Amino acid sequence: MEPIEAAQARVIAAEADVADAQTALVEANAGFCSEATQYVEAIDRYGRIFSDAPATVGDLTTAAEDLSAPLRSVESSAEEVTAAREDLTQANEELAEANASLASAQSSVTEATTTTTLAPPLETATIDRVREAEDDLTAAAEGITAETSIREASASLNAAGFALEIAWLRLLADAGCLTEEQVAQGTTVVAQYTAALQTALQTAGLYDGPIDGIYGPSTVAAVEQLQTDSDLPVTGFVDEATAVALSGAVLAADSEAATTAVAQTAAVQSVLKLAGFWPGDVDGEWTPELTEALKAFQTELGVEPTGQVDVATLHALRTAVAEAQAGADDTTTTTSPPETTTPTTAAATTAAPATT
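Read in order, the letters of the sequence shown correspond to residues 15 to 370 in this note's numbering.
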(Lines of atoms letter the chains of each structure in order from A and count residues from 1; the text may use other names and numbers.)
(Lines give C-alpha, C1' and ligand atoms only; values in the text may rest on other atoms or scores of the structure.)
Protein backbone atom coordinates (compact mmCIF):
# COMPACT_ATOMS: atom_id res chain seq x y z
CA MET A 1 0.00 0.00 0.00
CA GLU A 2 1.26 3.44 -0.91
CA PRO A 3 2.18 5.77 2.00
CA ILE A 4 -0.68 8.15 1.24
CA GLU A 5 -3.21 5.32 1.01
CA ALA A 6 -1.97 3.87 4.29
CA ALA A 7 -2.24 7.26 5.97
CA GLN A 8 -5.75 7.75 4.61
CA ALA A 9 -6.78 4.32 5.90
CA ARG A 10 -5.41 5.21 9.32
CA VAL A 11 -7.45 8.42 9.37
CA ILE A 12 -10.63 6.56 8.40
CA ALA A 13 -10.07 3.99 11.13
CA ALA A 14 -9.33 6.71 13.69
CA GLU A 15 -12.50 8.59 12.74
CA ALA A 16 -14.54 5.42 13.29
CA ASP A 17 -12.92 4.91 16.69
CA VAL A 18 -13.75 8.50 17.69
CA ALA A 19 -17.37 8.02 16.65
CA ASP A 20 -17.61 4.80 18.66
CA ALA A 21 -15.98 6.40 21.69
CA GLN A 22 -18.31 9.38 21.42
CA THR A 23 -21.36 7.10 21.38
CA ALA A 24 -20.05 5.16 24.36
CA LEU A 25 -19.55 8.38 26.33
CA VAL A 26 -23.07 9.60 25.60
CA GLU A 27 -24.49 6.25 26.70
CA ALA A 28 -22.35 6.24 29.85
CA ASN A 29 -23.48 9.77 30.69
CA ALA A 30 -27.10 8.74 30.23
CA GLY A 31 -26.54 5.84 32.59
CA PHE A 32 -24.99 8.13 35.17
CA CYS A 33 -27.92 10.54 34.96
CA SER A 34 -30.40 7.70 35.44
CA GLU A 35 -28.58 6.14 38.38
CA ALA A 36 -27.91 9.49 40.06
CA THR A 37 -31.55 10.50 39.70
CA GLN A 38 -32.62 7.30 41.46
CA TYR A 39 -30.12 8.06 44.22
CA VAL A 40 -31.61 11.53 44.69
CA GLU A 41 -35.04 9.94 45.01
CA ALA A 42 -33.67 7.59 47.68
CA ILE A 43 -32.18 10.58 49.53
CA ASP A 44 -35.56 12.26 49.36
CA ARG A 45 -37.27 9.27 50.97
CA TYR A 46 -34.58 9.03 53.64
CA GLY A 47 -34.66 12.71 54.52
CA ARG A 48 -38.43 12.72 54.93
CA ILE A 49 -38.76 9.54 56.98
CA PHE A 50 -40.27 11.44 59.91
CA SER A 51 -42.55 13.58 57.75
CA ASP A 52 -44.47 11.12 55.61
CA ALA A 53 -45.71 8.80 58.34
CA PRO A 54 -45.34 8.05 62.05
CA ALA A 55 -41.78 6.80 62.44
CA THR A 56 -39.33 5.74 65.06
CA VAL A 57 -35.61 6.28 65.36
CA GLY A 58 -35.20 2.58 64.62
CA ASP A 59 -36.63 3.15 61.14
CA LEU A 60 -33.40 4.95 60.29
CA THR A 61 -31.50 1.69 60.03
CA THR A 62 -33.71 0.32 57.30
CA ALA A 63 -33.86 3.65 55.50
CA ALA A 64 -30.07 3.96 55.55
CA GLU A 65 -29.73 0.54 53.95
CA ASP A 66 -32.01 1.73 51.15
CA LEU A 67 -29.41 4.38 50.32
CA SER A 68 -26.53 1.93 49.92
CA ALA A 69 -27.61 0.17 46.73
CA PRO A 70 -28.36 3.29 44.64
CA LEU A 71 -25.13 4.90 45.83
CA ARG A 72 -23.11 1.90 44.66
CA SER A 73 -24.86 2.12 41.29
CA VAL A 74 -23.99 5.82 41.03
CA GLU A 75 -20.35 5.10 41.82
CA SER A 76 -20.25 2.32 39.21
CA SER A 77 -21.85 4.45 36.50
CA ALA A 78 -19.49 7.32 37.32
CA GLU A 79 -16.51 5.01 36.82
CA GLU A 80 -17.93 3.95 33.45
CA VAL A 81 -18.17 7.58 32.36
CA THR A 82 -14.59 8.21 33.44
CA ALA A 83 -13.39 5.24 31.40
CA ALA A 84 -15.45 6.34 28.39
CA ARG A 85 -14.02 9.86 28.58
CA GLU A 86 -10.48 8.49 28.67
CA ASP A 87 -11.22 6.27 25.66
CA LEU A 88 -12.54 9.26 23.73
CA THR A 89 -9.47 11.32 24.61
CA GLN A 90 -7.20 8.55 23.35
CA ALA A 91 -9.25 8.18 20.17
CA ASN A 92 -8.99 11.92 19.52
CA GLU A 93 -5.23 11.80 20.04
CA GLU A 94 -4.91 8.93 17.56
CA LEU A 95 -7.02 10.82 15.01
CA ALA A 96 -4.83 13.90 15.39
CA GLU A 97 -1.71 11.82 14.83
CA ALA A 98 -3.31 10.11 11.83
CA ASN A 99 -4.16 13.46 10.26
CA ALA A 100 -0.62 14.67 10.86
CA SER A 101 0.79 11.56 9.21
CA LEU A 102 -1.50 12.02 6.23
CA ALA A 103 -0.47 15.64 5.87
CA SER A 104 3.16 14.62 6.01
CA ALA A 105 2.65 11.90 3.42
CA GLN A 106 0.99 14.36 1.09
CA SER A 107 3.70 16.93 1.82
CA SER A 108 1.01 19.52 2.41
CA VAL A 109 -1.32 20.59 5.16
CA THR A 110 -4.72 18.99 4.73
CA GLU A 111 -7.92 19.98 6.40
CA ALA A 112 -7.97 18.18 9.72
CA THR A 113 -10.97 16.13 10.64
CA THR A 114 -12.91 17.72 13.46
CA THR A 115 -12.32 16.07 16.80
CA THR A 116 -14.43 16.21 19.89
CA THR A 117 -13.30 18.78 22.44
CA LEU A 118 -14.19 17.91 25.98
CA ALA A 119 -15.58 20.76 28.04
CA PRO A 120 -14.05 21.58 31.41
CA PRO A 121 -15.25 19.30 34.21
CA LEU A 122 -17.67 20.45 36.87
CA GLU A 123 -16.67 23.18 39.25
CA THR A 124 -14.92 21.93 42.36
CA ALA A 125 -17.33 23.93 44.53
CA THR A 126 -20.31 21.99 43.15
CA ILE A 127 -18.77 18.66 44.06
CA ASP A 128 -17.47 19.89 47.40
CA ARG A 129 -21.00 20.98 48.34
CA VAL A 130 -22.29 17.48 47.59
CA ARG A 131 -19.56 15.93 49.72
CA GLU A 132 -20.26 18.38 52.54
CA ALA A 133 -23.98 17.62 52.39
CA GLU A 134 -23.24 13.88 52.37
CA ASP A 135 -21.13 14.29 55.50
CA ASP A 136 -23.87 16.37 57.14
CA LEU A 137 -26.46 13.67 56.47
CA THR A 138 -24.18 10.99 57.89
CA ALA A 139 -23.51 13.10 60.97
CA ALA A 140 -27.22 13.80 61.43
CA ALA A 141 -28.04 10.10 61.31
CA GLU A 142 -25.20 9.14 63.63
CA GLY A 143 -26.28 11.81 66.09
CA ILE A 144 -29.71 10.26 66.48
CA THR A 145 -29.94 7.71 69.28
CA ALA A 146 -32.70 5.95 71.15
CA GLU A 147 -32.82 8.95 73.48
CA THR A 148 -33.26 11.48 70.68
CA SER A 149 -36.70 13.03 70.53
CA ILE A 150 -38.71 12.62 67.36
CA ARG A 151 -38.82 16.42 66.97
CA GLU A 152 -35.06 16.78 67.13
CA ALA A 153 -34.51 13.81 64.83
CA SER A 154 -37.03 15.13 62.34
CA ALA A 155 -35.56 18.64 62.14
CA SER A 156 -31.94 17.56 61.78
CA LEU A 157 -32.52 14.62 59.46
CA ASN A 158 -35.05 16.33 57.22
CA ALA A 159 -32.79 19.34 56.79
CA ALA A 160 -29.71 17.22 56.08
CA GLY A 161 -31.57 15.04 53.60
CA PHE A 162 -33.12 18.02 51.84
CA ALA A 163 -29.75 19.79 51.65
CA LEU A 164 -28.12 16.73 50.07
CA GLU A 165 -30.99 16.40 47.62
CA ILE A 166 -30.66 20.03 46.49
CA ALA A 167 -26.86 19.71 46.24
CA TRP A 168 -27.22 16.65 44.03
CA LEU A 169 -29.88 18.33 41.89
CA ARG A 170 -27.45 21.17 41.23
CA LEU A 171 -24.74 18.66 40.34
CA LEU A 172 -27.12 16.82 38.00
CA ALA A 173 -28.00 20.12 36.37
CA ASP A 174 -24.33 20.95 35.80
CA ALA A 175 -23.82 17.43 34.41
CA GLY A 176 -26.55 18.03 31.83
CA CYS A 177 -28.98 15.55 33.39
CA LEU A 178 -31.81 18.05 33.89
CA THR A 179 -33.33 20.69 31.68
CA GLU A 180 -32.64 24.29 32.62
CA GLU A 181 -36.37 24.86 33.11
CA GLN A 182 -36.70 22.02 35.61
CA VAL A 183 -33.75 23.21 37.64
CA ALA A 184 -34.48 26.93 37.52
CA GLN A 185 -38.14 26.60 38.39
CA GLY A 186 -37.72 23.71 40.81
CA THR A 187 -34.94 25.08 42.98
CA THR A 188 -34.68 28.84 42.50
CA VAL A 189 -37.76 29.73 44.54
CA VAL A 190 -36.55 27.67 47.48
CA ALA A 191 -32.97 28.89 47.14
CA GLN A 192 -34.01 32.55 47.10
CA TYR A 193 -35.94 32.21 50.35
CA THR A 194 -33.16 30.24 52.04
CA ALA A 195 -30.43 32.60 50.85
CA ALA A 196 -32.37 35.57 52.23
CA LEU A 197 -32.75 33.76 55.55
CA GLN A 198 -29.06 32.86 55.66
CA THR A 199 -28.10 36.46 54.91
CA ALA A 200 -30.26 37.74 57.75
CA LEU A 201 -28.89 35.14 60.15
CA GLN A 202 -25.35 36.01 59.11
CA THR A 203 -25.96 39.72 59.65
CA ALA A 204 -27.32 38.93 63.11
CA GLY A 205 -24.14 37.00 63.89
CA LEU A 206 -25.91 33.65 64.11
CA TYR A 207 -24.68 32.00 60.92
CA ASP A 208 -21.16 31.76 59.52
CA GLY A 209 -21.75 29.29 56.71
CA PRO A 210 -22.00 29.97 52.97
CA ILE A 211 -24.95 31.85 51.49
CA ASP A 212 -25.78 28.95 49.18
CA GLY A 213 -29.57 28.77 49.36
CA ILE A 214 -29.49 25.25 50.81
CA TYR A 215 -31.50 24.77 53.99
CA GLY A 216 -29.13 22.35 55.71
CA PRO A 217 -28.18 21.52 59.30
CA SER A 218 -26.11 24.68 59.76
CA THR A 219 -29.09 26.85 58.80
CA VAL A 220 -31.36 24.87 61.11
CA ALA A 221 -28.84 25.29 63.95
CA ALA A 222 -28.69 29.06 63.40
CA VAL A 223 -32.47 29.36 63.53
CA GLU A 224 -32.54 27.21 66.66
CA GLN A 225 -29.98 29.50 68.29
CA LEU A 226 -32.11 32.52 67.44
CA GLN A 227 -35.16 30.84 68.93
CA THR A 228 -33.24 29.87 72.07
CA ASP A 229 -31.91 33.40 72.50
CA SER A 230 -35.43 34.76 72.03
CA ASP A 231 -37.13 32.31 74.42
CA LEU A 232 -39.18 30.83 71.58
CA PRO A 233 -40.09 27.21 70.90
CA VAL A 234 -37.01 25.67 69.29
CA THR A 235 -37.96 24.14 65.94
CA GLY A 236 -35.19 25.18 63.56
CA PHE A 237 -37.73 26.69 61.18
CA VAL A 238 -39.20 30.16 60.76
CA ASP A 239 -42.68 31.14 61.85
CA GLU A 240 -44.20 34.54 62.68
CA ALA A 241 -42.54 34.91 66.09
CA THR A 242 -39.17 33.75 64.74
CA ALA A 243 -39.37 36.15 61.81
CA VAL A 244 -40.04 39.05 64.18
CA ALA A 245 -37.16 38.00 66.42
CA LEU A 246 -34.84 37.70 63.41
CA SER A 247 -35.73 41.17 62.16
CA GLY A 248 -34.96 42.57 65.59
CA ALA A 249 -31.66 40.71 65.80
CA VAL A 250 -30.60 41.96 62.37
CA LEU A 251 -31.41 45.58 63.18
CA ALA A 252 -29.69 45.29 66.55
CA ALA A 253 -26.54 44.12 64.81
CA ASP A 254 -26.77 46.63 61.96
CA SER A 255 -29.25 49.49 62.18
CA GLU A 256 -28.88 50.14 58.45
CA ALA A 257 -29.75 46.58 57.42
CA ALA A 258 -33.50 47.14 57.20
CA THR A 259 -33.74 45.44 53.80
CA THR A 260 -31.89 42.37 55.04
CA ALA A 261 -34.12 42.21 58.10
CA VAL A 262 -37.29 41.75 56.05
CA ALA A 263 -35.95 39.99 52.95
CA GLN A 264 -36.74 36.42 53.99
CA THR A 265 -40.32 37.34 54.97
CA ALA A 266 -40.71 39.21 51.69
CA ALA A 267 -39.60 36.05 49.91
CA VAL A 268 -42.37 34.10 51.65
CA GLN A 269 -44.91 36.75 50.67
CA SER A 270 -43.69 36.67 47.06
CA VAL A 271 -44.12 32.91 46.78
CA LEU A 272 -47.58 33.03 48.33
CA LYS A 273 -48.62 35.91 46.07
CA LEU A 274 -47.47 34.04 42.96
CA ALA A 275 -49.41 31.00 44.15
CA GLY A 276 -52.53 33.09 44.72
CA PHE A 277 -52.55 32.77 48.51
CA TRP A 278 -51.37 36.25 49.53
CA PRO A 279 -53.44 39.28 48.48
CA GLY A 280 -51.45 41.72 50.57
CA ASP A 281 -48.33 43.75 49.87
CA VAL A 282 -44.85 42.27 49.71
CA ASP A 283 -43.56 44.42 52.53
CA GLY A 284 -41.51 41.95 54.56
CA GLU A 285 -43.81 42.15 57.60
CA TRP A 286 -44.92 38.81 59.01
CA THR A 287 -48.47 39.18 60.29
CA PRO A 288 -51.06 36.69 61.57
CA GLU A 289 -52.70 36.97 58.15
CA LEU A 290 -49.46 35.81 56.52
CA THR A 291 -49.36 32.82 58.85
CA GLU A 292 -52.89 31.85 57.83
CA ALA A 293 -52.00 32.26 54.16
CA LEU A 294 -48.97 30.03 54.64
CA LYS A 295 -51.10 27.39 56.37
CA ALA A 296 -53.58 27.45 53.49
CA PHE A 297 -50.70 27.08 51.05
CA GLN A 298 -49.30 24.14 53.04
CA THR A 299 -52.69 22.46 53.01
CA GLU A 300 -52.81 22.87 49.24
CA LEU A 301 -49.32 21.35 48.96
CA GLY A 302 -50.38 18.39 51.07
CA VAL A 303 -48.08 19.04 54.02
CA GLU A 304 -48.91 19.70 57.66
CA PRO A 305 -50.18 23.29 58.04
CA THR A 306 -47.71 24.38 60.71
CA GLY A 307 -47.38 28.02 59.72
CA GLN A 308 -43.62 27.46 59.64
CA VAL A 309 -41.41 27.46 56.56
CA ASP A 310 -40.09 23.99 57.32
CA VAL A 311 -38.28 21.48 55.13
CA ALA A 312 -41.49 19.63 54.26
CA THR A 313 -42.92 22.88 52.90
CA LEU A 314 -39.74 23.76 50.99
CA HIS A 315 -39.62 20.29 49.48
CA ALA A 316 -43.27 20.30 48.49
CA LEU A 317 -42.88 23.77 47.01
CA ARG A 318 -39.86 22.76 44.93
CA THR A 319 -41.61 19.65 43.66
CA ALA A 320 -44.85 21.44 42.85
CA VAL A 321 -43.13 24.21 40.91
CA ALA A 322 -40.94 21.75 39.00
CA GLU A 323 -43.92 19.58 38.07
CA ALA A 324 -45.94 22.59 37.00
CA GLN A 325 -43.10 23.81 34.80
CA ALA A 326 -42.55 20.34 33.35
CA GLY A 327 -46.23 20.09 32.49
CA ALA A 328 -46.33 23.53 30.93
CA ASP A 329 -43.25 23.03 28.79
CA ASP A 330 -43.73 19.28 28.26
CA THR A 331 -40.12 18.77 29.27
CA THR A 332 -38.55 15.75 30.91
CA THR A 333 -35.17 14.74 32.21
CA THR A 334 -32.81 14.37 29.28
CA THR A 335 -31.78 10.85 28.33
CA SER A 336 -28.74 11.83 26.28
CA PRO A 337 -26.82 14.45 28.25
CA PRO A 338 -24.00 16.48 26.77
CA GLU A 339 -21.02 14.30 25.97
CA THR A 340 -18.69 16.90 27.38
CA THR A 341 -19.43 16.37 31.09
CA THR A 342 -17.74 13.54 32.89
CA PRO A 343 -18.64 12.23 36.32
CA THR A 344 -16.16 10.26 38.36
CA THR A 345 -16.30 8.66 41.75
CA ALA A 346 -15.73 11.06 44.61
CA ALA A 347 -14.01 10.23 47.84
CA ALA A 348 -15.68 8.32 50.63
CA THR A 349 -19.38 7.75 49.92
CA THR A 350 -20.17 10.25 47.20
CA ALA A 351 -19.96 9.81 43.44
CA ALA A 352 -19.48 13.06 41.56
CA PRO A 353 -18.12 14.44 38.29
CA ALA A 354 -14.40 14.87 37.93
CA THR A 355 -12.61 18.03 38.90
CA THR A 356 -9.44 19.60 37.70
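C-beta: ideal position from N, C-alpha, C; glycine also. Values in this document were obtained by computation on a predicted structure and should not be read as measured data.
Residue i (DSSP reduced to helix, strand or coil)
{"i": "Val258", "result": "helix"}
{"i": "Val282", "result": "helix"}
{"i": "Val323", "result": "strand"}
{"i": "Val248", "result": "coil"}
{"i": "Ile141", "result": "helix"}
{"i": "Glu148", "result": "helix"}
{"i": "Cys191", "result": "coil"}
{"i": "Leu102", "result": "helix"}
{"i": "Gly175", "result": "helix"}
{"i": "Ser115", "result": "helix"}
{"i": "Pro84", "result": "helix"}
{"i": "Val276", "result": "helix"}
{"i": "Ser90", "result": "helix"}
{"i": "Glu270", "result": "coil"}
{"i": "Val25", "result": "helix"}
{"i": "Val317", "result": "coil"}
{"i": "Ala33", "result": "helix"}
{"i": "Ala20", "result": "helix"}
{"i": "Ile57", "result": "helix"}
{"i": "Ala218", "result": "coil"}
{"i": "Asp253", "result": "coil"}
{"i": "Gly45", "result": "helix"}
{"i": "Ile180", "result": "helix"}
{"i": "Ala97", "result": "helix"}
{"i": "Ala289", "result": "coil"}
Residue interval of the alpha helix (DSSP H) (run including residue i)
{"i": "Val296", "result": "Here Val296 belongs to no alpha helix (DSSP H), and DSSP marks it neither H nor E."}
{"i": "Glu16", "result": "Where Glu16 is concerned, there is no enclosing alpha helix (DSSP H), given that its DSSP letter is neither H nor E."}
{"i": "Ser232", "result": "231-243"}
Whole-number beta carbon distance between residue j and residue i, since they are thought to touch under 8 Å
{"i": "Ala35", "j": "Leu102", "result": "4 Å"}
{"i": "Ala110", "j": "Leu39", "result": "18 Å between Cβ atoms; not a contact."}
{"i": "Gln278", "j": "Ala218", "result": "No, Gln278 and Ala218 are not in contact; Cβ-Cβ is about 11 Å, not under 8 Å."}
{"i": "Ala281", "j": "Gln206", "result": "6 Å"}
{"i": "Ala181", "j": "Val144", "result": "5 Å"}
{"i": "Val258", "j": "Ala275", "result": "Not confirmed; about 10 Å, so no contact."}
{"i": "Ala266", "j": "Phe291", "result": "Between Phe291 and Ala266 the Cβ distance is about 31 Å, and since that is not below 8 Å, they are no contact."}
{"i": "Ile225", "j": "Gln239", "result": "The pair is not a contact, with the Cβ atoms about 17 Å apart (cut-off 8 Å)."}
Distance CB(residue i)-CB(residue j) smaller than 8 Å
{"i": "Phe46", "j": "Ser91", "result": "yes"}
{"i": "Ala27", "j": "Leu186", "result": "no"}
{"i": "Gly321", "j": "Leu308", "result": "yes"}
{"i": "Ala147", "j": "Leu178", "result": "yes"}
{"i": "Asn106", "j": "Val32", "result": "yes"}
{"i": "Val203", "j": "Val285", "result": "yes"}
{"i": "Glu254", "j": "Thr327", "result": "no"}
{"i": "Val252", "j": "Val237", "result": "yes"}
{"i": "Tyr229", "j": "Thr242", "result": "no"}
{"i": "Val317", "j": "Ala330", "result": "yes"}
{"i": "Arg184", "j": "Thr213", "result": "no"}
{"i": "Ala42", "j": "Glu94", "result": "yes"}
{"i": "Ile57", "j": "Gly157", "result": "no"}
Per-residue burial, residue i [other beta carbons within 10 Å of its own, 16 or more giving buried]
{"i": "Ser170", "result": "buried"}
{"i": "Ser261", "result": "buried"}
{"i": "Glu108", "result": "buried"}
{"i": "Leu288", "result": "exposed"}
{"i": "Ala83", "result": "exposed"}
{"i": "Leu85", "result": "buried"}
{"i": "Thr37", "result": "exposed"}
{"i": "Ala30", "result": "exposed"}
{"i": "Gln120", "result": "exposed"}
{"i": "Glu55", "result": "exposed"}
{"i": "Glu89", "result": "buried"}
{"i": "Thr313", "result": "exposed"}
{"i": "Gly190", "result": "buried"}
{"i": "Ala155", "result": "buried"}
{"i": "Ser232", "result": "buried"}
{"i": "Asp245", "result": "exposed"}
{"i": "Asp150", "result": "buried"}
{"i": "Asp222", "result": "exposed"}
{"i": "Gln283", "result": "buried"}
{"i": "Asp295", "result": "exposed"}
{"i": "Gly227", "result": "buried"}
{"i": "Ala23", "result": "exposed"}
{"i": "Ala20", "result": "exposed"}
{"i": "Gly5", "result": "Examination of residue 5 is not possible in this model, given that the chain is present from 15 through 370 alone."}
Any chain D beta carbon closer than 8 Å to residue i
{"i": "Glu19", "result": "Structure shown: chain D not included; a single protein chain is present."}
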